[in-house]
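Numbering (my numbering), first residue to last: 10 to 155. No residue lacks a Cβ here, since even glycine has one placed at the ideal position from N, Cα and C. Heads up, the thing below is written out as structure tokens.
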């Protein structure tokens with residue numbers, strides 16, 4: 010199974026969108042809507058301090074009895090961010106995402122943010138690996154591979 014680094018290298022959309030912890034929630038929602046993404050990494054001074062997703066917005070804002078569009082991202086972001094490293098396996102990432110019910114995993118190398126994996130990235134890679142395995146098995150059955 011591939012590593013996180015291998016998937017990041019082949020990702021078709023490797024752009025990493027972020028927002029500052031002091032920016033407004035409305036700014037974050039606009040970025041997610043414009044870019045067609047479900048989460049933003051939250052930075053403060055260039056360092057990862059959280060992640061904010063559509064899920065955070067729905068869950069936390071729905072509990073508030075007031076409009077929070079003017080609130081800061083830091084008020085609804087997830088602070089205890091679970092991350093992975095470039096050498097981690099995709100199997101490890103899938104286990105983390107399943108057990109912790111996550112849709113996004115920031116990737117850190119020596120404390121520096123280098124990418125973001127989504128559940129979609131992992132599903133795409135799993136499908137590609139299975140298709141390759143099926144192709145190899147079919148070739149073996151036909152006697153094309155000794």
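For residue 23, there is no enclosing alpha helix (DSSP H), as DSSP gives it neither H nor E.
For residue 109, the enclosing alpha helix (DSSP H) stretches over residues 99-109.
Comparing C-alpha distances from residue 45 to each of 37, 51 and 52 shows the shortest one belongs to 37. The C-beta distance from residue 48 to residue 60 rounds to 6 Å, short enough to fall under 8 Å. For the pair residue 80 and residue 53, the Cα-to-Cα distance works out to about 16 Å. Residue 55 counts as exposed, since fewer than 16 other beta carbons sit within 10 angstroms of its beta carbon.
Nearest in C-alpha terms to residue 112, of all of 139, 121, 102 and 120, is 102. By the beta-carbon neighbour count (other beta carbons within 10 angstroms, threshold 16), residue 134 is buried.
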